[in-house]
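Peer 1: Going down the list, the protein sequences come from chains A and B.
Per the numbering used here, the first sequence starts with residue 37, numbered consecutively.
Per the numbering used here, the second sequence starts with residue 42, numbered consecutively.
A virtual CB, placed ideally from N, CA and C, is assigned to each residue, including glycine.
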Amino acid sequence: MQFDLNIQKTLRSGKRSFHLDLRLQSDSRRLVILGPSGAGKSQALRAIAGLLRPDSGRIMVGGELLFDASRHIDLPPQARRMGYLFQDYALFPHLTVRQNIAFGEARGWRNPDRQAGSEAVQRWLAAFHLDHLAHQLPGELSGGQRQRVALARALVAQPAALLLDEPFAALDPDLRIVLRGELDALQRELGLPMILISHDVADAEVFGDHVVRMRDGALDAGAPALETP
Amino acid sequence: MHPTWTALALSLKVACWATAIALVLGVAVGFLLARRRFPGRELLDTILTLPMVMPPTVLGYYLLVLLGRKGWIGQGLQDWFGINLIFTWQGAVIAAAIVAFPLVFKPARAAFETVDGRLEDAARVLGISEAALFLRVTLPLAWRGILAGALLAFARAMGEFGATLMVAGSIPGRTQTLSIAVYEAVQAGQDDIANTLVLITSAVCMAVLLTAGRLAPGRVGYR
Numbered sequence: 037m038q039f040d041l042n043i044q045k046t047l048r049s050g051k052r053s054f055h056l057d058l059r060l061q062s063d064s065r066r067l068v069i070l071g072p073s074g075a076g077k078s079q080a081l082r083a084i085a086g087l088l089r090p091d092s093g094r095i096m097v098g099g100e101l102l103f104d105a106s107r108h109i110d111l112p113p114q115a116r117r118m119g120y121l122f123q124d125y126a127l128f129p130h131l132t133v134r135q136n137i138a139f140g141e142a143r144g145w146r147n148p149d150r151q152a153g154s155e156a157v158q159r160w161l162a163a164f165h166l167d168h169l170a171h172q173l174p175g176e177l178s179g180g181q182r183q184r185v186a187l188a189r190a191l192v193a194q195p196a197a198l199l200l201d202e203p204f205a206a207l208d209p210d211l212r213i214v215l216r217g218e219l220d221a222l223q224r225e226l227g228l229p230m231i232l233i234s235h236d237v238a239d240a241e242v243f244g245d246h247v248v249r250m251r252d253g254a255l256d257a258g259a260p261a262l263e264t265p
Numbered sequence: 042m043h044p045t046w047t048a049l050a051l052s053l054k055v056a057c058w059a060t061a062i063a064l065v066l067g068v069a070v071g072f073l074l075a076r077r078r079f080p081g082r083e084l085l086d087t088i089l090t091l092p093m094v095m096p097p098t099v100l101g102y103y104l105l106v107l108l109g110r111k112g113w114i115g116q117g118l119q120d121w122f123g124i125n126l127i128f129t130w131q132g133a134v135i136a137a138a139i140v141a142f143p144l145v146f147k148p149a150r151a152a153f154e155t156v157d158g159r160l161e162d163a164a165r166v167l168g169i170s171e172a173a174l175f176l177r178v179t180l181p182l183a184w185r186g187i188l189a190g191a192l193l194a195f196a197r198a199m200g201e202f203g204a205t206l207m208v209a210g211s212i213p214g215r216t217q218t219l220s221i222a223v224y225e226a227v228q229a230g231q232d233d234i235a236n237t238l239v240l241i242t243s244a245v246c247m248a249v250l251l252t253a254g255r256l257a258p259g260r261v262g263y264r
């Protein structure tokens, strides 16, 4: 089983409360969760990464137990080895492209210096055509370049799985198609288990070996299944 | 050394120590208030801001009550460590630090609140410990606001008068800071000394404000 998710969480904000109750098992390495904004997709992804602690449930990814409320197991995000691509990429604005990509390699109390970086950093810089931008700050990059930097940053850490939060939402339509193709090829090459959340059916068509729909915090069983060959 | 320079040196020494103390505590408390939700958070913020609006003499009186020989803290310090803070330059440091504290912690809290929590999350999933990500992500993104606050705190500590006079008195060469020396000079009719002291103080304050203006948020280079 690649993904065995059972996540319950009640979130409160003022007088409103939102109940997340996601039960989902998948053998697929490419899982797409589709749903409108506010369906709880991002919260589910945060729970898998360890950034949101569920009230109850169990989370297993790639055979590894990350969270089990009944057994009081809750690995911190630092120990889960999830490659997380944030919706707006969350690049560190004060660090150059190279420093961003090498960020996870520097384990101490200081950021990597401007020349730092292992072979892996160099390899991903080259693979994503970012060599010439290595010394730029994220604020100077285009949307597509930012996404590549964020992906490279996640991949250098050799994650056990990729979690992608609306990876193409911030991009122009043309660029979206190009980067979808790139990510598709990359995932096939690396064989990394991946969960992609999106509101865009086009993402499901490209990546969805297994597509589920979420609505109001839970799986939407009534929605027609989307099968891709 | 000429008394004027002694007073200036003492003022700088007191202001430096007071700013350092206010900086460390202000950053810690500002971070706590920006990032943790707990009951009484805003009440704590209000209490900690009080030194900014209370008359310095009232503050000085509180400090005398606390730090004096019969005070809660003063008596303990005297009994256990043989330390007396009243009428010492260290007492002046504490008075100035408390007056300057809100000027650091307010902008520090605001600066920490503007740091996008997702950047900290991004560091977490990359395996960076909480302490390291504070030093590598949160602090570098907040430091301009904090530094601008620290400079204002320094200027405020330099100019501290009321609380300092209450706690440390006005002993020439020992606790008589620049601003107190101005008062003493005017009282004694020594206008030439007062003129010199006032010009020096004004120059130092101008320099600090100019530097603070350059560092103020809104001139941040990235984003």
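#1: Quick one: Cα of B:L49 to Cα of B:R197, how far?
#2: Check each residue of the segment 164-176 of chain B: if its Cβ is closer than 8 Å to any Cβ of chain A, include it; give the result in chain order.
#3: 7 Å is my cut-off, CB to CB: does A:Q114 come that close to chain B?
#4: By the 10 Å Cβ neighbour count, where 16 or more other Cβ atoms means buried, how is B:M207 classified, buried or exposed?
#5: Tell me the rounded alpha-carbon separation between A:Q38 and B:T179.
#6: Report the partner residues of A:R66 according to the DSSP bridge assignment.
#7: Roughly how many angstroms separate the alpha carbons of B:V223 and B:Q231, rounded to a whole number?
#8: If you count every other CB in all the chains shown that lies within 10 Å of the CB of A:D63, and 16 or more means buried, which is it?
#9: Is it true that the segment 169-182 of chain A meets the segment 124-136 of chain A, where meeting means three or more beta-carbon pairs spaced less than 8 Å apart?
#10: Between which two residues does the beta strand (DSSP E) containing A:I43 stretch?
#11: Could you round the C-beta distance between A:V192 and A:E141 to whole angstroms and report it? I think they count as a contact, below 8 Å.
#12: Taking only the alpha-carbon atoms, compute the straight-line gap between A:D245 and A:L255 and give it to the nearest angstrom.
#13: Grouping DSSP H, G and I as helix and E and B as strand, with all else coil, what is B:G210?
#14: Three-state secondary structure (DSSP) at A:I109?
#15: Could you check whether the Cβ of A:A193 sits closer than 7 Å to any Cβ belonging to chain B?
#16: Can you round the beta-carbon distance between A:G86 and A:P112 to whole angstroms, since I take them to be within the 8 Å contact cut?
#17: Look at the Cβ atom of A:L121, then the Cβ atom of A:A188, and state whether they are nearer than 7 Å.
#18: Are the C-beta atoms of B:R76 and some chain A residue less than 7 Å apart?
#19: Enumerate, from N- to C-terminal direction, the unbroken beta strand (DSSP E) stretches of 3 or more residues contained entirely within the segment 110-139 of chain A.
#20: Within this structure, are the beta carbons of B:A63 and B:F153 separated by less than 7 Å?
#21: Specify, as a first and last residue, the run of the alpha helix (DSSP H) that B:E161 falls within.
#22: Under a three-way DSSP split, which group does B:L126 fall into?
#23: Considering just the uninterrupted stretch of the beta strand (DSSP E) at A:L169, what are its terminal residues?
#24: Short check: CB of A:M250 to CB of A:I95, under 7 Å?
#25: Looking at A:L161 and A:A152, is the spacing between their C-beta atoms short of 7 Å?
#26: For chain B, find out if any of its Cβ atoms is closer than 7 Å to the Cβ of A:M96; answer yes or no.
#27: Flag this pair as yes or no: are the beta carbons of A:M118 and A:A197 separated by less than 7 Å?
#28: Rounded to whole angstroms, what's the CA-CA distance from A:A138 to B:G254? Just pull it up for me.
#29: Kindly list, in the order they appear in chain A, the residues whose Cβ is closer than 7 Å to that of B:V65.
#30: Using beta-carbon positions only, say whether A:D91 and A:Q44 come within less than 7 Å of one another.
#31: Let's see if you can read the secondary structure: which residues bound the alpha helix (DSSP H) around A:R178?
#32: Could you check the C-alpha separation between B:G115 and B:L73 for me, to the nearest Å?
#33: Identify whether A:E100 lies in helix, strand or coil by the three-state DSSP scheme.
#34: Mapping DSSP to helix, strand and coil, what is A:R150?
Peer 2: Taking the structure as given:
#1: Numbered from its first residue, the second sequence carries residue 49 of chain B at position 8. Numbered from its first residue, the second sequence carries residue 197 of chain B at position 156. The straight-line gap from Cα to Cα measures roughly 15 Å.
#2: A164, R165, V166, L167, G168, I169, S170, A172, A173 and L176
#3: In the first sequence, the residue the question calls residue 114 of chain A occupies position 78. Yes, because at least one Cβ of chain B sits closer than 7 Å to the Cβ of A:Q114.
#4: Counting from 1 along the second sequence, the entry for residue 207 of chain B is found at position 166. Buried, by the Cβ-count rule.
#5: Position 2 of the first sequence holds residue 38 of chain A. Position 138 of the second sequence holds residue 179 of chain B. Looking at the two C-alpha atoms, the distance is approximately 35 Å.
#6: Position 30 of the first sequence, counted from the first residue, corresponds to residue 66 of chain A. Note: A:R66 sits in a beta bridge opposite A:M230.
#7: Position 182 of the second sequence, counted from the first residue, corresponds to residue 223 of chain B. Position 190 of the second sequence, counted from the first residue, corresponds to residue 231 of chain B. Cα to Cα, B:V223 sits roughly 9 Å from B:Q231.
#8: Position 27 of the first sequence, counted from the start, is the residue given in the question as residue 63 of chain A. The residue in question, A:D63, is exposed, as its Cβ has fewer than 16 Cβ neighbours within 10 Å.
#9: yes
#10: Counted from its first residue, the first sequence places residue 43 of chain A at position 7. Note, A:I43: beta strand (DSSP E), F39 to S49.
#11: Taking the first residue of the first sequence as 1, we reach residue 192 of chain A at position 156. Taking the first residue of the first sequence as 1, we reach residue 141 of chain A at position 105. Rounded, the Cβ-Cβ distance is 6 Å, consistent with contact.
#12: As a position in the first sequence, residue 245 of chain A is number 209, starting the count at 1. As a position in the first sequence, residue 255 of chain A is number 219, starting the count at 1. A straight line joining the alpha-carbon of A:D245 with that of A:L255 spans about 17 Å.
#13: If you number the second sequence from 1, residue 210 of chain B lands on position 169. In the structure shown, B:G210 sits in coil (DSSP, three-state: anything other than H, G, I, E or B).
#14: To locate residue 109 of chain A, count along the first sequence from 1; it is residue 73. Strand, per DSSP.
#15: The sequence position of residue 193 of chain A within the first sequence is 157, counting from 1. It does; some Cβ of chain B falls within 7 Å.
#16: Within the first sequence, residue 86 of chain A is the residue found at index 50, counting from 1. Within the first sequence, residue 112 of chain A is the residue found at index 76, counting from 1. Going by Cβ atoms, the distance from A:G86 to A:P112 rounds to 6 Å, so yes, they are a contact pair.
#17: As a first step, residue 121 of chain A must be located in the first sequence, where it is residue number 85. As a first step, residue 188 of chain A must be located in the first sequence, where it is residue number 152. No, these two residues do not count as a Cβ contact at 7 Å.
#18: Within the second sequence, the letter at position 35 stands for residue 76 of chain B. Not closer than 7 Å to any Cβ of chain A, the Cβ of B:R76 fails to qualify, so no.
#19: Within the segment 110-139 of chain A, the complete beta strand (DSSP E) runs of at least 3 residues are 118-121.
#20: In the second sequence, the residue the question calls residue 63 of chain B occupies position 22. In the second sequence, the residue the question calls residue 153 of chain B occupies position 112. Taking 7 Å as the Cβ cut-off, B:A63 and B:F153 do not qualify as a contacting pair.
#21: For this step, residue 161 of chain B is matched to residue 120 along the second sequence. Start and end: G158 to V166.
#22: Counted from its first residue, the second sequence places residue 126 of chain B at position 85. B:L126: coil per DSSP, three-state reduction.
#23: Here residue 169 of chain A refers to the residue found at position 133 of the first sequence. No beta strand (DSSP E) holds A:L169; DSSP gives it neither H nor E.
#24: For this step, residue 250 of chain A is matched to residue 214 along the first sequence. For this step, residue 95 of chain A is matched to residue 59 along the first sequence. The answer is no: Cβ separation not under 7 Å.
#25: Numbered from 1 along the first sequence, position 116 holds the residue referred to as residue 152 of chain A. Numbered from 1 along the first sequence, position 125 holds the residue referred to as residue 161 of chain A. Result no, Cβ atoms of A:A152 and A:L161 do not sit closer than 7 Å.
#26: If you number the first sequence from 1, residue 96 of chain A lands on position 60. Not one beta carbon of chain B lies nearer than 7 Å to the beta carbon of A:M96.
#27: Residue numbering aside, residue 118 of chain A sits at position 82 when the first sequence is read from its first letter. Residue numbering aside, residue 197 of chain A sits at position 161 when the first sequence is read from its first letter. Yes. Within cutoff.
#28: Your numbering for residue 138 of chain A matches position 102 in the first sequence. Your numbering for residue 254 of chain B matches position 213 in the second sequence. Cα-Cα distance, rounded: 34 Å.
#29: In the second sequence, residue 65 of chain B corresponds to position 24, counting from 1. Within chain A, no residue comes near B:V65; the closest Cβ sits about 17 Å away, beyond 7 Å.
#30: As a working mapping, residue 91 of chain A is identified with position 55 in the first sequence. As a working mapping, residue 44 of chain A is identified with position 8 in the first sequence. Result yes, Cβ atoms of A:D91 and A:Q44 sit closer than 7 Å.
#31: Residue 178 of chain A sits at position 142 when you count from the first residue of the first sequence. In the sequence as displayed, the identity of residue 178 of chain A is Ser instead of Arg. Premise fails: A:S178 is in no alpha helix (DSSP H) and is neither H nor E.
#32: Indexing the second sequence from 1 puts residue 115 of chain B at position 74. Indexing the second sequence from 1 puts residue 73 of chain B at position 32. The straight-line gap from Cα to Cα measures roughly 28 Å.
#33: Counted from its first residue, the first sequence places residue 100 of chain A at position 64. Three-state result, A:E100: strand.
#34: The residue given as residue 150 of chain A occupies position 114 in the first sequence. Note: A:R150 maps to coil in three-state DSSP.
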